[in-house]
Every structure is written in structure tokens, then in C-alpha cells.
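S.K.:
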Amino acid sequence: MHRRRGVLFPQHALGSRFESAPGDYAITTINMLTLFHHSFCPHSRFVRLALGELGLDARLVEERVWERREEFLTLNPAGTTPVLLAEGQPPVPGAAIIAEFLDETIGPELGDRRLLPRDCGARIEVRRLMSWFNDKFFAEVSGPLTTERLYKRHMPLSGGDGSPNTEVIRAARQNIRYHLAYIGWLVRTRDWLAGDRMTYADLAAAAHVSAADYMGDVPWKEDEAAKDWYARIKSRPMFRPLLTETLAGIPPSPTYADLDF
């Protein structure tokens, strides 16, 4: 690994061969990771929750994807967060791929703490719900809300017009109502979203819901079961770092950090 302007890059990603030098930063175990993220990127939040639940520490590097930094595009040409770096591996891009990477790397050692079950049928259900929230919920709710209400404050005019699109925000607020009802239905029939224990499905859902909750866009009064599920997962230690983060000029909603909302 080599450092450029305070950022870590794997040798193969730099396109050149280097000899190791004293003092070079090296990741030698799964416990030493670097995560390129944004605090209010729902997919980044999902990975941070997974790392926290698994007890893994990661060095966090905030990435503003709209800046299109050349060094970051070298790591992930798609230009999206999150991206995880680990020694001896290529950059791991995207929430779903990172989740699979973590499970393949340390999952078998975790026993009941494994976030992707061993049983094939259970794994399918967890992956289905991960996709529901990382893809569908993101496209219909958390993606539009974070872009219009948070990111556009920082994006250049050429990249985002600078002003929120109220029609997009209105549609996202409407869409979240049936997603919340679906969460409520799932947890009325199961202990957790995908079955009898917490999995990646719960972390993905909570990550995306949390981004909307920061802005006060979750109608919690409409589904008590969904609210109780979120209160359970929000009370876990791995959630605390997210609840302390705020954006300048955009205060969180009253329910955001309240564990007894």
C-alpha cells in the first residue's frame, strides 16, 4: 500500500510497481481496513453498520463523489461509494459486494453472529431483502431524498442544478409509506426482517431508513411494528456513531437520535 495526499492506494490500483519502504502503511489483517464513504450515503451507512456489528475497525475516508476525484475513480471507475480497501485484494466496490466479501472472509468463523445465514434458502431471502433496500428503496426513497435535500447543497451547478426538485422529494415521501408498511408486515410475521435473527437485511433497511429519518421524512406514526423494529436496531452499539453525525446547516429531525422516539 502507498499513500498519496493522505489517501491509501493498493499497488495494483496505481498502475505501477513499487518497492516497500520503511513507514509504508500496510493492511495485514481483516481488522485493518479503509472505507471510502460519505456520512449520509445510505450504502456507506449499511457497510459501516455491518463493520460495527462484526466488530471490525476501519479507517474512514470521506468521499464527495460529485467531485469526481481521479484517485478515487482509479479505485472505482463507477465513481460511487462505498469502496473498501484490504491488503492483498482489489478495491471492493459497492455495498452488496462488500457484504459478500466480509461474509466470505470471516463469516464461517462467526457462528450465530454471521450476518448471512448458512442455509441456502435463508441466504436467498437475505439477499432478496438486501436488494430491496439497496436497490429499490434507494431508487424510490433514500437516493432522491439525500440527493435533493443534502447533496445538492454542495454539488456544482453543472452537476445538480443547486436547487432541490420538490416533485422528486414529494414522490419519495409518498413512496416511503408503502416501504414502511412492508417493513411492518415483515416484522409482524418474523422476529427480524429475514427470519429469526438479525442479518444484512436489517442493516440495509436501517441504513436507508436512517438517512430519511435524519430529514424527518419517515412517517413513524403509520406503522408501530416498523417503528419498534427500528428502535431495536437503532439501540445497538454499532448504530451510535451514525446518530452523532450531523450536516452543517441541516439539523437532524427530533426522532433521529432519540432511542425512545
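If you read the sequence shown in our numbering, its first letter stands for residue 1043, the second for the next number, and so on. Using N, Cα and C, we set each Cβ at its ideal position, and we do this for glycine too. Treat the numbers as computed from the prediction; the structure is a model and nothing was measured.
#1: Spatial neighbours of Y1298 within its chain, please: CB distance less than 6 Å, with the 5 preceding and 5 following residues excluded, ordered by chain position.
#2: Measure the CB-CB distance between M1172 and A1137 and report whether it falls below 9 Å.
#3: So is H1085 buried or exposed if we call it buried at 16+ other beta carbons inside 10 Å?
#4: Among H1080, R1111, L1144, L1115, which one has its Cα closest to the Cα of M1074?
#5: My output table needs one value for P1294: the three-state DSSP class, helix, strand or coil.
#6: Going by DSSP in three states, T1188 sits in which element: helix, strand or coil?
#7: If you run the structure through DSSP and keep just helix, strand and coil, what is T1288?
#8: Which residues in the same chain have their Cβ closer than 8 Å to the Cβ of P1296, if we skip the five residues on either side of it in sequence?
#9: Give the DSSP-derived three-state secondary structure of P1135 in the structure shown.
#10: According to DSSP, which residues form a beta bridge with T1158?
#11: DSSP puts E1104 in a beta bridge; with which residues?
#12: Could you give the distance in angstroms between the alpha-carbon of L1222 and the alpha-carbon of A1268?
M.R.: To lay it out plainly:
#1: Within the same chain, and ignoring the five residues on either side of Y1298 in sequence, the residues whose Cβ sits closer than 6 Å to its Cβ are D1255, Y1256.
#2: Yes. Within cutoff.
#3: Counting Cβ neighbours within 10 Å, H1085 comes out buried, since at least 16 surround it.
#4: With distances taken between Cα atoms, M1074 lies closest to L1144.
#5: Coil, per DSSP.
#6: Residue state, collapsed to three classes: helix.
#7: Here T1288 sits in coil by DSSP.
#8: Same-chain partners within the cutoff: G1258, F1303.
#9: If DSSP states are grouped into helix, strand and coil, P1135 belongs with the strands.
#10: First, the residue type needs correcting, since residue 1158 is Leu and not Thr in the sequence shown. According to DSSP, which records beta bridges pairwise, L1158 is partnered with nothing at all.
#11: H1079.
#12: Answer to the nearest angstrom: the Cα atoms are 6 Å apart.
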